[in-house]
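Student: My numbering applies: residue 271 is where the sequence shown begins, and numbers increase by one.
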Amino acid sequence: MTKQQRSEQSTDDPTTDSKRFKWSPNLARGHLEICVEEKRKGNWQSKCLTEIGRMNLRAEFFKRFGLDWKYDKFRNRLDTVKRQHESYKRVIPDSSAVRFCEQTGAIEMPFSWWENLIKEKPEAKTLRNYPIRDIPLIEQLFSEESISVGDDGWQHHDGASHLPFEGNSVEDIELNTSPEAD
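Quick look at the structure:
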């Protein structure tokens, strides 16, 4: 088998264990969606999935795509996405004014915006020429703070993945403690 045939096989056949595997946009987005959902459920700790999150990722990915992969393939993809996010944040630390394509999740800004950004930060040229897809999902996944609400109460993430809810029930907690409430 020639080098080109191996390369084509690795990009066309998602079941191959080749190190040259290329994620299709559909598989990559599905992977991110499942990871974001696991983070929302509290199965995320220190920028990676917990053991439960990893098991759920594999099970849900199999359910959606019929692919039963070892976690290594998902971890490698997640590492790549982390590096993309770090690069993106170096170039664009505040994305509040940035527009994203609804279909791809890539940055959708005019040529003049890119030219100005490249003058300030030459690394932006790489982002323009090789757009990162699904940035809104990546932002949800790697944002510094998040809160999820589940059966065990609310939970701030970027720490322990599953904090017990101790004390009174949610109904017993007074939510508004301002003087006007008295």
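All C-beta atoms, glycine included, are put in the ideal place defined by N, C-alpha and C.
(1) Using the Cβ count rule (16 or more neighbours within 10 Å means buried), how would you classify N313?
(2) Going by DSSP in three states, I241 sits in which element: helix, strand or coil?
(3) Consult DSSP for F248 and reduce its assignment to one of helix, strand or coil.
(4) Spatial neighbours of L397 within its chain, please: C-beta separation below 6 Å, excluding the five flanking residues on both sides.
(5) Where L319 and A329 are concerned, what is the direct C-alpha to C-alpha distance, given to the nearest angstrom?
(6) Based on the DSSP output, what are the partners of F370 in its beta bridges?
(7) Can you say whether A336 is buried or exposed, counting buried as having 16 or more other CB atoms within 10 angstroms of its CB?
(8) According to the neighbour-count rule (16 or more other Cβ atoms, all chains shown, within 10 Å of its Cβ), is A394 buried or exposed?
(9) Closest to N399 by C-alpha separation, out of E414, Q410, I377 and E409, would be which residue?
(10) May I have the straight-line CA-CA distance separating K311 from M325, to the nearest angstrom?
(11) Provide the residue span of the alpha helix (DSSP H) that contains D349, from first to last.
(12) Quick check on L319: does DSSP put it in helix, strand or coil?
(13) Have a look at F331 and S316 and give me their C-alpha separation to the nearest angstrom.
(14) Assuming P401 contacts F370 (C-beta within less than 8 Å), just tell me the rounded distance between them.
(15) Whose C-beta lies closer than 7 Å to the C-beta of S431 among residues of the same chain, with five residues either side of it excluded?
(16) Can you list, in chain order, the residues of its chain with a C-beta nearer than 7 Å to that of G375? Leave out the 5 residues immediately preceding and following it.
(17) Please report the distance separating the alpha-carbon of Y341 from that of R347.
(18) Anyone know if the C-beta pair for V351 and L411 falls short of 9 Å?
Tutor: So, to answer that:
(1) By the neighbour-count rule (16 or more Cβ atoms within 10 Å), N313 is buried.
(2) Within the shown structure, residues of the chain are numbered from 271 to 452, placing residue 241 beyond reach of any answer.
(3) Because the chain in this structure spans residues 271 to 452, residue 248 falls outside the shown range and cannot be described.
(4) Within the same chain, L397 has close Cβ partners V361.
(5) 14 Å
(6) I377
(7) Note that residue 336 is Gly in the sequence shown here, rather than Ala. When all chains shown are included, G336 counts as exposed.
(8) buried
(9) I377
(10) Rounded to whole angstroms, K311 to M325 spans 13 Å at the Cα level.
(11) Y341 to V361
(12) strand
(13) 22 Å
(14) In fact, because the Cβ distance is near 10 Å, the residues do not count as touching under 8 Å.
(15) Residue confidence is low: S431 scores 36 on pLDDT, short of 50, so the model does not pin down where it sits. Its coordinate-derived value is still stated next. Non-local C-beta neighbours of S431 in its own chain, meaning closer than 7 Å and more than five positions away in sequence, comprise G312, N313, W314, Q315 and T320, ordered along the chain.
(16) R403, D404, I405, P406 and L407
(17) 10 Å
(18) yes
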